[in-house]
Amino acid sequence: MEKVKLALSSNSYDIFIGSGLLSDSELISRHIEKKSVFIISNKSVANHYLDRLISSLSGFDFGVYLIPEGEQFKNLRTVEEIISVMIKKGANRTSTILALGGGVVGDTAGFVAAIFQRGIPFLQIPTTLLAQVDSSVGGKTAVNHEDGKNMIGAFYQPKTVIVDTDTLNTLPKREVSTGLAEIIKHGILADRSYFDWIEKNISKLLRLDSETLEYVVAGSCRIKAEIVSEDELETGKRALLNLGHTFGHAIETATGYSEWLHGEAVGAGLVMAADLSFRLGMCALDDAKRIKALVTDAGLPFAPPASMEEETFLRLMSRDKKVDETGLRFVLVNGGIGAAALVERVPIEKLRATLRARENLCSGV
Ligand SMILES: NC(=O)c1ccc[n+]([C@@H]2O[C@H](COP(=O)([O-])OP(=O)(O)OC[C@H]3O[C@@H](n4cnc5c(N)ncnc54)[C@H](O)[C@@H]3O)[C@@H](O)[C@H]2O)c1
Ligand SMILES: [Zn+2]
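So the sequence shown is numbered by the working numbering: it starts at 1 and just counts up by one.
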């Protein structure tokens, strides 16, 4: 088992990563203060893992709410419904919420924990690769509004994060690749040798080799934890975690959040960010090529959808939160793989060249 500490000025916590942790009754119980537990999950995850979790909760009173499948249920209506069920089942200020599932479950359950009776403790038990390396770590909780993703939320840290890497065995391959997008992002923005390691181990990762997964989840959690501990409320450095996301969000919006999964949009977004970094002299061509190759090897698209025009990108990106009155801002590769920086006032002609490059991204033409 690996343990990663997320150090904060108050409410620091540990992230535990290993095989079989869902059955580690002692580990789970030790992070629950009182007898009352409320589990929030969804049907597909519950089918596989709810019994296992419940078996580890002997001696606790518990209630369960299963959120219907899909991002479209990450909204205030679901939050209200969960709270109604919690009240009916006698949940109170001493109850602890357990979030068992992917990012949709984790973000919604975390937000309920943040607001139920002004805040009750919660544990993240992420079951997708994306949730294990990204959404369960760092305390961002939110639900969507009709007019925007993650519009309603709070910074609210869990008591702990417990990652059972065995849960990935049932995850669809496409979801594995979307998690890899965030992992590759971590290597690019923070640690060149970690990127090298991912390159060497990409086929083992895709095969879900247990030890390799444990290493990569811990590696990514360590990178994210370090950044979050320096900037919990995203007033500065934490924004670097948005590498590839300005392009990615535009792709998700243009395709209606249905055709492309988040990590797929981020995959193409990383390649576009690498391409733009190269054009601005911030990244050697060889590094940009390696980024494109690794994104491809991870089973992710490296170019935006053919139907998406340059002007559509510009329109959507100027609404993205990384673009403000100072002009177009991007998180870009800063000097090569292993570092990133927020760059203001990116020259529009360079950006247009990246938007037009498509199949030729990161090829130097
Ligand atoms: N809070 C943050 O910092 C943060 C960061 C990144 C993303 N997010 C949010 O995370 C969400 C996406 O999360 P996600 O990619 O985990 O998607 P998800 O929660 O929708 O899960 C993806 C799919 O996998 C299924 N699933 C989950 N675990 C499984 C398992 N072990 N076996 C089989 N199937 C399983 C789910 O039912 C779902 O169909 C988005 O809403 C995004 O906004 C939040
Ligand atoms: Zn992301």
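By construction, the Cβ of each residue, glycine as well, lies at the ideal position given by its N, Cα and C atoms.
Contact test: residue i Cβ vs ligand 2 heavy atom, cutoff 8 Å
{"i": "Asp147", "result": "no"}
{"i": "Glu182", "result": "yes"}
{"i": "Gly335", "result": "no"}
{"i": "Val266", "result": "yes"}
{"i": "Ile134", "result": "Reading off the sequence shown, one finds Asp at residue 134, where the question assumed Ile. True, at least one ligand heavy atom lies under 8 Å from that Cβ."}
{"i": "Gly248", "result": "yes"}
{"i": "His245", "result": "yes"}
Pairwise C-alpha distance: residue j and residue i
{"i": "Val331", "j": "Asp51", "result": "42 Å"}
{"i": "Thr178", "j": "Ala265", "result": "9 Å"}
{"i": "Ile115", "j": "Thr108", "result": "11 Å"}
{"i": "Ser203", "j": "Ile28", "result": "32 Å"}
{"i": "Lys43", "j": "Met308", "result": "34 Å"}
{"i": "Asn169", "j": "Leu208", "result": "7 Å"}
{"i": "Ala268", "j": "Pro158", "result": "31 Å"}
{"i": "Val112", "j": "Leu130", "result": "21 Å"}
{"i": "Val333", "j": "Ala341", "result": "7 Å"}
{"i": "Ile87", "j": "Met272", "result": "47 Å"}
{"i": "Thr312", "j": "Ile83", "result": "39 Å"}
{"i": "Asp324", "j": "Val343", "result": "For Asp324, the predicted structure reports a pLDDT of 49, less than 50, and the residue's modelled location is therefore unreliable. A value from the coordinates is still provided. In a straight line, the C-alpha of Asp324 is about 12 Å away from that of Val343."}
{"i": "Met1", "j": "Glu211", "result": "10 Å"}
{"i": "Thr354", "j": "Thr235", "result": "28 Å"}
{"i": "Thr94", "j": "Gly110", "result": "16 Å"}
{"i": "Val216", "j": "Phe302", "result": "22 Å"}
{"i": "Leu57", "j": "Ile125", "result": "14 Å"}
{"i": "Gly338", "j": "Ala7", "result": "22 Å"}
{"i": "Asn75", "j": "Ser12", "result": "28 Å"}
{"i": "Leu276", "j": "Glu232", "result": "28 Å"}
{"i": "Val104", "j": "Gly70", "result": "8 Å"}
{"i": "Lys173", "j": "Ala254", "result": "24 Å"}
{"i": "Arg30", "j": "Phe62", "result": "16 Å"}
{"i": "Gly148", "j": "Tyr257", "result": "11 Å"}
{"i": "Val133", "j": "Asp166", "result": "14 Å"}
{"i": "Arg345", "j": "Ser363", "result": "24 Å"}
{"i": "Glu199", "j": "His186", "result": "13 Å"}
{"i": "Leu123", "j": "Tyr156", "result": "11 Å"}
{"i": "Gln117", "j": "Met282", "result": "49 Å"}
{"i": "Asp24", "j": "Gly18", "result": "10 Å"}
According to DSSP, residues forming a beta bridge with residue i
{"i": "Tyr194", "result": "None; Tyr194 has no bridge partner."}
{"i": "Glu2", "result": "Ile17"}
{"i": "Asn42", "result": "Ile67"}
{"i": "Gly153", "result": "Ala142"}
{"i": "Phe62", "result": "Val37"}
{"i": "Ala340", "result": "Val333"}
{"i": "Thr160", "result": "Leu123"}
{"i": "Asn75", "result": "Asn144"}
beta-carbon residue i near ligand 1 non-hydrogen atom, thresh 8 Å
{"i": "Lys204", "result": "no"}
{"i": "Leu261", "result": "yes"}
{"i": "Glu69", "result": "yes"}
{"i": "Lys173", "result": "no"}
{"i": "Pro121", "result": "no"}
{"i": "Asn42", "result": "yes"}
{"i": "Leu300", "result": "no"}
{"i": "Val104", "result": "yes"}
{"i": "Tyr49", "result": "yes"}
{"i": "Asn360", "result": "no"}
{"i": "Lys3", "result": "no"}
{"i": "Thr165", "result": "no"}
Residue j beta carbon less than 9 Å from that of residue i
{"i": "Val137", "j": "Ala225", "result": "yes"}
{"i": "Cys221", "j": "Val163", "result": "yes"}
{"i": "Ile223", "j": "Asp191", "result": "yes"}
{"i": "Met317", "j": "Ala250", "result": "yes"}
{"i": "Val37", "j": "Phe60", "result": "yes"}
{"i": "Leu270", "j": "Leu243", "result": "yes"}
{"i": "Leu300", "j": "Leu180", "result": "yes"}
{"i": "Leu22", "j": "Leu66", "result": "no"}
{"i": "Thr78", "j": "Val4", "result": "no"}
{"i": "Ile40", "j": "Val64", "result": "yes"}
{"i": "Phe195", "j": "Leu294", "result": "yes"}
{"i": "Glu230", "j": "Pro305", "result": "no"}
{"i": "Ile184", "j": "Ile291", "result": "yes"}
{"i": "Gly336", "j": "Ala284", "result": "yes"}
C-beta neighbour in chain E for residue i, strict 9 Å
{"i": "Thr108", "result": "Here there is only one protein chain, and chain E is not present."}
Point to revise | Runs of alpha helix (DSSP H) lying entirely within the region 94–146, each at least 4 residues, in chain order | key: 103–115
Check your understanding: Where are the alpha helix (DSSP H) runs, 4 residues long or more, that stay fully inside the region 223–266, in chain order?
Key -> 245–254
**Study point:** Length at least 4, wholly inside the region 270–316: the alpha helix (DSSP H) runs in chain order
**Key:** 285–297
Review point. Where are the alpha helix (DSSP H) runs, 4 residues long or more, that stay fully inside the region 168–220, in chain order?
Key: 173–190 and 192–206
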